[in-house]
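Chains as they are written, first to last, in my numbering: chain V, 497 to 731; chain F, 346 to 957.
Where is the CB? At the ideal position from N, CA and C, for every residue including glycine.
On a predicted model such as this, the values are computed, not experimentally measured, just so you know.
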Amino acid sequence: MSDINLDKLPGGFKGMSEDIGSDQTTFKGVNWGKAMMWIFLLSDTFVFSCFLVAYMKVRASVVEPWPYPSEVFALEVMGVPVPLLLIAIMTFVLITSSGTMALAVKYGYEKNKKMCGWFVLLTAIGGLTFVGMQAFEWSKLIFHDGVRPWGNPFGAEQFGAFFFMITGFHGTHVSIGVIFLFIFARKVFRGDFDTGKRGYFTTMKSDYVSIEILGLYWHFVDLVWVFIFAFFYLW
Amino acid sequence: MSDELNINKKKKNQIKTKSSTASGRGETDIDYVRPAELPEQDLYHGHSFITKWIFCQDAKVIGIQYTLTAVFTGVVGLILSWMMRMQLGFPDLFPFLTAETYYQMVTMHGMIMVVYLLTALFLGGFGNYLIPLMVGARDMVFPYANMISFWMFFVAVVVLMSSFFVPGGPTGSGWTLYPPQAILEGTPGSGYGILLMLISLSLFVIGFTMGGLNYVITILQARTRGMSLMRMPLTIWGIFTATVLALLAFPALLVSSIMMTLDKVLGTSFFMPTIIKAGEALSYDGGSPILFQHLFWFFGHPEVYIVALPAFGIVSDLISVHSRKNIFGYRMMVWAIVGIGALSFFVWAHHMYVSGMSPWFGFFFATTTLIIAVPTALKVYNWILTLWRGNIRINTVMLFCLGFILTFVNGGITGIFLGNVAVDVPLSDTYFVIAHFHMVMGIAPLMVIFGAIYHWFPLVTGRLLDEKLGKWHFWTTFLGAYSIYFPMHYLGFIGVPRRYFEMYDSPYMTSAIGMNEFISVAAFIVGAAQFIFFYNLVKSLRLGKPAGKNPWQANSLEWLTPDVPPTHGNWGEKLPVVHRWAYDYGVPGAKDDYIPQTTPPSEVRDAEVEKT
């Protein structure tokens with residue numbers, strides 16, 4: 497079908513400028529959906545950057561003292577408050593799920609239906625665990641510590657507002673990812689990607705490349721979490 | 346230069362390999378184009394009325410849906426502007442025109458015209474219709490997402506329009522929606538109105554993102570054989586760059602909408618400082634209203650270029666076709682579009698000189714703002730040099746293009762005034778600003794839209810628009826719009842403040858009452874002139890002269906489809922193969938005065954075509 501032998505294309509900057517200047521495709525051999533996901537993630541990066549920059553700006557200019565995250569986000573273990581314990585576990589789970597996602601992509605390209613399906617499912621369970629722990633964290637802050645979007649007992653009221661908004665927005669991203677991971681796990685086990693079954697809504701053929709596209713999204717969500725972790729919990 | 350050499354070298358290599366493998370022919374094939382990289386696109390063909398015309402996945406139908414919806418909102422915006430001018434020119438004539446309604450009209454007029462008319466029309470309307478046709482694709486790359494994109498936009502419009510009917514009416518905080526006043530009691534529509542506005546904007550952003558990803562990927566990854574980036578018509582370059590800007594700028598609007606919605610609904614204080622009302626402190630505390638201004642203008646300034654860049658691109662193509670000459674400095678035009686797009690992210694705070702920011706900050710933004718004048722001026726020179734010694738057809742399309750150049754230069758020059766801090770401070774909040782931005786991003790893009798509709802109407806419907814009515818439409822719109830906005834510069838210089846409901850008792854106005862009434866009368870006439878245009882559209886749709894194929898003798902691919910108007914899938918059996926850029930007009934040695942993009946070099950051996 498195609499005359500492109502990807503290995504034989506010139507590499508480096510010369511290859512890059514030749515690809516960009518050429519006809520048909522700018523990114524040679526890159527699937528449409530994959531290119532779309534990259535550009536979407538660039539756009540989404542701007543969304544999260546706006547959130548985080550707004551947070552930094554307000555934190556820098558607010559008059560009341562900012563609550564001390566190590567104390568607010570501490571868990572009592574046998575009578576000793578351990579700072580950031582829950583957050584550490586959450587972060588660990590989410591980063592691990594990125595690893596399982598990478599394995600799912602690998603097995604997907606090997607057309608290993610069984611392993612791919614299990615790793616997608618494992619990733620989904622990791623994501624679900626993360627969302628569950630986040631729900632626990634939220635309810636602890638709301639019901640136990642009395643933190644509200646419009647005020648809290650620890651200091652500046654924007655603390656709660658930004659915390660719930662940013663982690664909520666990130667949590668929504670994770671939840672959407674989890675829903676798609678479950679759907680994809682089912683599709684993999686059912687063999688849709690092997691038979692090229694047509695999608696219910698889009699009527700387009702299924703292909704294992706979708707696993708990689710979903711993987712891109714998932715890694716992005718994890719990466720965003722690293723920044724939220726650094727800016728919210730460590731600062 | 347080096348690019349051309351490279352391409353030539355590559356071509357030679359390919360020719361060598363080809364002749365060695367397919368030996369026996371002897372001569373080198375100068376018509377060689379690399380074979381297809383991608384398999385044929387898989388398309389969903391609608392069968393019922395609903396899948397063909399309502400929930401349709403064909404980009405052309407979606408483009409028409411976008412256009413009609415956007416034009417509908419535009420008519421609402423036009424009527425609002427009539428009522429505003431009625432109040433300003435002849436105050437207290439209608440009892441229903443109170444200060445509250447006036448501010449609601451100002452707000453809705455601004456938001457509708459900028460976002461729901463211009464953005465949706467250029468990117469959703471022209472983008473959807475023209476991108477697949479001009480790059481030689483069968484459709485957008487994700488037709489389903491494209492369909493959802495339109496329906497999200499439709500819902501956003503419904504939500505926006507529903508705010509006219511809720512208790513309290515639409516928001517009256519000005520199109521910039523500055524907090525704290527936007528959500529505080531006392532501002533009209535501070536209850537449901539502002540909430541619906543914010544929800545509508547968020548829906549618009551989500552819907553646009555789905556469409557925008559389609560436009561970008563279709564242009565980058567779904568071009569036909571031979572269609573390199575530097576052979577694309579400038580229309581595509583303009584729409585492409587504007588879409589990238591939109592994908593990076595709309596996030597700021599989304600974020601500020603979400604934050605203000607939370608301030609309104611949950612009582613958070615992102616943008617709300619400590620406020621004392623009637624001696625009592627409100628529950629808000631410690632937020633930053635300036636933060637909203639930064640977020641808003643980080644969206645708002647690129648938004649200007651989201652509207653302007655497609656207009657630049659389209660007008661370049663129209664001028665080239667209708668003066669039968671290649672566009673002057675094509676590569677320069679491309680780099681100017683890309684450069685303006687990149688610069689537009691570094692100038693936003695020039696909207697905030699009077700917000701109390703540090704003068705050094707203003708100095709930085711004044712510098713970047715004035716730098717934009719360089720690529721913009723380049724473009725204007727290139728348009729004029731394209732016209733220079735061209736074989737100009739003075740038809741309606743060309744008239745609108747010339748109108749665009751004039752109004753754009755006018756608005757651009759006043760932009761240089763306003764870009765300087767020292768000049769902006771006294772002039773901001775006067776009618777000078779109104780005159781500036783209506784010239785540069787109201788009238789100028791509208792001129793292009795009209796020109797583009799006169800140009801592409803035959804492609805969409807197969808019939809030409811009436812030229813005589815078109816010329817009436819042009820002259821009343823152009824002269825009328827000048828009569829509206831040119832005197833406003835003067836009003837600004839004598840200090841008439843903008844956004845005032847009534848100003849006859851102010852000392853500024855005594856010398857300019859007659860002029861103010863004149864502006865209002867001109868506005869009524871220009872608005873009414875648009876109905877000539879609507880009449881022309883409806884009449885020509887049924888009774889217009891049949892256009893036939895390629896009525897303008899244009900080169901670009903959209904005119905070369907087997908069926909006119911093009912059908913679903915655009916190209917029939919085989920995709921077109923492109924051999925040249927879209928601007929081979931009046932080439933010395935050629936048989937006709939135009940060489941379509943699909944003409945292979947062997948057919949025009951004697952023509953001195955540009956190497957593209």
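Local Cβ density within 10 Å of residue i, reported as buried at 16 or more and exposed below that
| i | result |
| --- | --- |
| K936 of chain F | exposed |
| K890 of chain F | exposed |
| K405 of chain F | buried |
| A482 of chain F | buried |
| I476 of chain F | buried |
| S856 of chain F | exposed |
| I864 of chain F | buried |
| W705 of chain F | exposed |
| W714 of chain V | buried |
| N861 of chain F | buried |
| I779 of chain F | buried |
| L350 of chain F | Per-residue confidence for L350 of chain F stands at a pLDDT of 42, beneath the threshold of 50, marking its modelled position as unreliable; the derived number appears in the next sentence. Exposed, since its Cβ has fewer than 16 Cβ neighbours within 10 Å. |
| K622 of chain F | exposed |
| A726 of chain V | exposed |
| L468 of chain F | buried |
| N736 of chain F | exposed |
Proximity test, Cβ basis, 7 Å: residue i and chain F
| i | result |
| --- | --- |
| I535 of chain V | yes |
| M552 of chain V | no |
| F509 of chain V | no |
| S557 of chain V | yes |
| T691 of chain V | no |
| V705 of chain V | no |
| D718 of chain V | no |
Integer-rounded CB distance, given that residue j should sit under 8 Å from residue i
| i | j | result |
| --- | --- | --- |
| G529 of chain V | V705 of chain V | 7 Å |
| I583 of chain V | I662 of chain V | No, I583 of chain V and I662 of chain V are not in contact; Cβ-Cβ is about 14 Å, not under 8 Å. |
| P910 of chain F | L804 of chain F | 6 Å |
| I457 of chain F | V421 of chain F | 6 Å |
| D519 of chain V | S573 of chain F | 5 Å |
| S661 of chain F | M678 of chain F | 6 Å |
Contact set between residue i and chain V, taken where Cβ atoms lie within less than 7 Å
| i | result |
| --- | --- |
| M678 of chain F | By Cβ distance, chain V contributes nothing, its closest Cβ being about 17 Å from M678 of chain F, past 7 Å. |
| L558 of chain F | M532, I535, F536 |
Test: residue i CB closer than 7 Å to a CB of chain V
| i | result |
| --- | --- |
| I375 of chain F | no |
| L611 of chain F | yes |
| P500 of chain F | Here residue 500 of chain F turns out to be Val, not Pro, going by the sequence shown. No, V500 of chain F lies away from the interface with chain V (no Cβ there is under 7 Å from its Cβ). |
| A527 of chain F | no |
| Y389 of chain F | yes |
| V561 of chain F | yes |
| Y675 of chain F | no |
| Y489 of chain F | yes |
| E382 of chain F | yes |
Opposing strand residues paired with residue i [DSSP bridges]
| i | result |
| --- | --- |
| H622 of chain F | It is worth fixing the name first, because residue 622 of chain F is Lys in this sequence and not His. Bridge partners of K622 of chain F: F:E625. |
| P891 of chain F | F:R808 |
| A570 of chain V | V:P579 |
| D519 of chain V | F:S573 |
| K701 of chain V | V:R694 |
| Y939 of chain F | F:Y930 |
| P596 of chain F | Partner(s): none; P596 of chain F has no beta bridge. |
| T775 of chain F | F:P842 |
Interface residues of chain F facing residue i [CB-CB closer than 7 Å]
| i | result |
| --- | --- |
| I516 of chain V | L574 |
| C546 of chain V | P596, A597, V600, L640 |
| V670 of chain V | None at all; the shortest Cβ gap to chain F is about 17 Å. |
| T699 of chain V | Y389 |
Chain F residues whose Cβ lies nearer than 9 Å to that of residue i
| i | result |
| --- | --- |
| E560 of chain V | D630, G631 |
| M732 of chain V | The structure shown does not extend to residue 732 of chain V, since chain V is modelled only from 497 to 731, so the question has no answer here. |
Closer than 8 Å at the beta carbon, the chain V residues around residue i
| i | result |
| --- | --- |
| S614 of chain F | W646, E653, Q654, A657 |
| V486 of chain F | W528, M532 |
| L593 of chain F | L538, S539, F542 |
Check: residue i C-beta below 6 Å from any heavy atom of the ligand MG
| i | result |
| --- | --- |
| L599 of chain V | In the structure on display, the ligand MG does not appear, and there are no ligands present to speak of. |
Contact set between residue i and chain F, taken where Cβ atoms lie within less than 8 Å
| i | result |
| --- | --- |
| F523 of chain V | L565, Q566 |
| T625 of chain V | Neighbours of T625 of chain V on chain F: none; closest Cβ ~27 Å, over 8 Å. |
| V543 of chain V | P596, L599, V600 |
Under 9 Å by beta carbon: chain V residues contacting residue i
| i | result |
| --- | --- |
| G571 of chain F | D519, Q520 |
| R808 of chain F | Within 9 Å Cβ-Cβ: nothing; R808 of chain F doesn't reach chain V, min ~33 Å. |
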